[in-house]
Each structure stands twice: as structure tokens, then as C-alpha cells.
Amino acid sequence: MRHTTKAPTRTTIGIIGAGPAGLLLARLLHDAGIDCVVLESRDRAYVEQRQRAGILEQTTVDVLRAAGAGGRMDREGLPHDGIELRYDRRSHRIDFPSLAGGRRVMVYAQTEMVKDLVARQLIDGPPLLFEAEVTGIEGLRAAEDTTGMKGATGTKGPAPTTIRYRHPAREPGAGSGTATLTCDHIVGCDGFHGVARDAIPAGLRRTYERTYPYSWLGILAQAPPAYDELIYAHSSRGFALASMRSPTVSRLYLQVPNGTDPADWPDARIWDELDTRLATDADPAWKLERGPIVAKSVLPMRSWVMEPMRYGRLLLAGDAAHIVPPTGAKGLNLAVADVVVLARALVQRHVTGSTELLDAYSETCLRRVWRAEHFSYTMTELLHTDPAHSAFETRLQLSQLDRIAHSRHAAAELAENYTGLPIAPPSP
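To get the numbering used here, take the position in the sequence shown, counting from 1, and add 1329.
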């Protein structure tokens, strides 16, 4: 396994953040012959243990396979051909292949996807520096060049930008301190709380946000799922989701008020509430398999988009540019779509010198982002119990759920969005 012992000082693409977006982008660029460096502020153990999404769209699965990072996913992941909707104690299955042109999804935890990408990176990929905390980005206002990228050692190329970062000792006796990395372009894959998006002048940023009046209480339990596919439940007591991480580990969620303390939810209360919200007259005896709860946390719900996703030589991808509520399983998949579009643009720039795709990057991604935002918002509003809802609005929710159950067109729209829209939707 190859570890970088001496921090590089020059590269073509500097990538901030070793989450799924940054790691996958590095792999795609490496395969195309474009050198890059990934800087991650956390250590490897933290990066590989972050609990996040676990539903991969068909296109995400295809991209991972093409990048050589899908072997363990194909062995251990759980392909799913549908989801179950439960509402008003009724049950209806959405069949993905018949409704979405043969597409399906894969249950494979983001933590496992990150482990796979890190392993590939350290074996034969470009440098990956953990515990490299970025403290500043400089040179973003430099004018675009028209000569084309020639890589880290070429004579042609744009005037470089610079990433400043702190890092621990990389060589015996070297000590820790501040280092610099000059790049032709910088990609911010460092999430909502990262430094990259703050490098865009405030006057040029447009943000759009919706916060929701509820959160999710999520648990990870050592219990075999008592279901074959994900169950999304609307009930008068609030939303519930039965998901999974493996044949022996369940991932389950309950809608709770904002500000909920997980300590107020002992294990028995969680299991009882899940059984109540997931109950269906189709199988009155149905219950969840119970087991030890090994993780418990509260997740606030937010929709957020920042435009544009590019400023000069800085490009944003994933949560650095947009956040979706998890109801539609879009967050990780949007990040993958961003870096696929971006990799195509950077490869075109590298090979031909053309900036056509790079110049269109923000607009191209945002078309898909807003469709995914709409789907996630719609699923969230449809399935949750808003404290401010009247009985009239609850009846509207049930009416729409009933339409999905009885209209092939409505069911197909849900299936097509859930399994994933094209990565680059056509221009309007």
C-alpha cells in the first residue's frame, strides 16, 4: 500500500475533501491521465467511519464499476427492485424495473464505498493526504487561459491557484506546519461546513434554503431486517423508514420534533414506536426483528442550494453546493453526478484545450440538482406529519399516496426519480 511521505507542492487539480465526491473524482481523473492531489482534514479512521447514506442509484453503481471500485459492492451490496409505501394502514409496492426501464438501486453503505475508494487511492491512485487542514485558497481571480492544461510539469497552462494547509509531519523529524499546493483548478468536495464555498465572494453567492419543522431519529441495530426492501411509512404519529445496511444490520428512522435528545428515546420506546408507525392491515401480525441498538442520533432536515457552483478556478461538488433531506436518497448520488460531469469537463480541457464543458459545469449540474431537490422535497412533504398541518392537508397527503398506488404514471414518476435521472439532463 502506497502512502505519500512527502507532500507534493504542485498538481493540476487540487481536491479538498476525501468524501465520496473527492475520492471518486480523483479516481476518474487518474484514469484519464490527469494528476491531482486530495487533501482531507480528518484522519483515515474518521473518514471511513462516518455514517451517511446507503442507497445507490443505478448510475452511481455503473460509475463505481467503471472506475474499478465496484467489486466489493457487487459481492456484498443488496440490489433492490422496489420500495414499499405504507399509509393509512395500507401497503403498496413500487416496482422499479417495470416502471423505470429496468433500473434498480443498490443498498451499500457510504462508509463501505469510501473504504473501497480509499483503498484504491492508496494502492495506485494520486496522492491522498489525511489530516491536511486547508486554511486558505488564493489566486481564484486569475483570468482563464486558452492554451490548455499540460499537467503539473508542463510549460503551458493557467496561472496557478494556491491551497494553503496545515499538516502533521510527513518525514521523520520534519515537524508539522503550513504547506502550499499550487494547482490549475481547485475542486471543493468538503461539504456544507467546508472552507471551499466560503472562498466565493459573498456578493456572488445566491443561496436557497428550506428548513423543516421536524428531524429524524436514526438508529443502527444489530438485527436482521424483517423486510426485503425499504419501507416508507406515513402515519398519524409521524414518518418512519425501515432500511438496512446488511442482512444482519437494520437502519431505521423515526420522525421526531426538532431539538429532540436521543437520550429521551430508550431502546424499547424506539422499537415500540417503529412497530406502531409501520403497522399495516395487510399483515396485522407483522413486527420488526429487534436487537441491540449500536448507534443513535438525530438528523435535522434541510433543503439548501448555492449558486453558482463555479467561481473562476474553483468548482464545487456535492454537499459543498447543495443539501437535500434524506427522504429521497439523493445526497450521495447528486455528489457522484457532479463529479462525473466535472471529470468530463476537466478531461476535455486537458485533451483539447476547450473550456466548453467546464464553462457549462454549474448550469449542467444545477438542472439535475433542482430536479433532485424537488423530488426530495416532495417525498418529505408527502410522508411527514407537519405540526402545522390541518386535517385538510393530511387528507391531501393520503390522496396523493393513493394516486401513486393506483396510477401507473404517478408510480413511474416516483420510480424514475428514485432510481436516478440522467446525469446530464437536456437543456430546456
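Where is the CB? At the ideal position from N, CA and C, for every residue including glycine. What you are looking at is a predicted structure, and each value in this text was computed from that prediction instead of being measured.
- Annotation for Ile1423: Gly1411, Ile1412, Glu1413, Leu1414, Ile1733, Ala1740, Leu1743, Ala1744, Tyr1747 place their beta carbon closer than 8 Å to its own, counting only its chain and skipping 5 residues before and after.
- Here Phe1568 really is in contact with His1713; their C-beta atoms are around 5 Å apart, less than 8 Å.
- DSSP links Ser1579 through a beta bridge to Ala1550, Met1573.
- Around the Cβ of Leu1645, a 10 Å sphere holds 16 or more other Cβ atoms; the residue is buried.
- Contact annotation: Cys1694 and Ala1658 have beta-carbon atoms that are not nearer than 9 Å.
- Assigned with DSSP and collapsed to three states, Pro1349 falls in helix.
- Between Ala1550 and Ile1622, the C-beta gap is smaller than 9 Å, which places the two residues in contact.
- In the three-state scheme derived from DSSP, where H, G and I count as helix and E and B as strand, Pro1655 is classed as helix.
- The C-alpha of Asp1593 lies about 22 Å from the C-alpha of Glu1618.
- Annotation for Arg1631: Glu1538, Arg1539, Thr1540, Tyr1541, Ile1652, Pro1654 place their beta carbon closer than 8 Å to its own, counting only its chain and skipping 5 residues before and after.
- Taking the Cα positions, Gln1387 is about 19 Å away from Ser1575.
- Burial state of Ala1614 is exposed, judged by a 10 Å Cβ sphere holding fewer than 16 other Cβ atoms.
- Annotation note: the stretch 1403–1441 contains the following uninterrupted alpha helix (DSSP H) runs of length 4 or greater, listed N- to C-terminal: 1425–1428.
- Within the stretch 1671–1715, no run of beta strand (DSSP E) reaches 3 residues while sitting entirely inside it.
- The DSSP-derived three-state label of Tyr1375 is helix.
- In the three-state reduction of the DSSP assignment, His1514 falls in the strand class.
- Between the beta-carbon of Glu1369 and that of Ala1347 there is about 4 Å, and that keeps the pair under the 8 Å contact cut.
- In the three-state DSSP reduction, Gly1532 falls in the helix class (H, G or I).
- Contact annotation: Leu1661 and Leu1393 have beta-carbon atoms that are not nearer than 9 Å.
- The stretch 1671–1688 makes no contact with the stretch 1397–1412: fewer than 3 CB pairs, one atom from each, lie closer than 8 Å.
- Contact check between the stretch 1352–1362 and the stretch 1441–1460: three or more CB pairs, one atom from each, fall below 8 Å, which counts as touching.
- In this structure, the alpha-carbon of Asp1590 lies about 36 Å from that of Val1390.
- In terms of Cα proximity to Val1434, the closest of Arg1371, Trp1545, His1718, Gly1383 is Gly1383.
- Between the alpha carbons of Thr1723 and Leu1750 lies a distance of about 29 Å.
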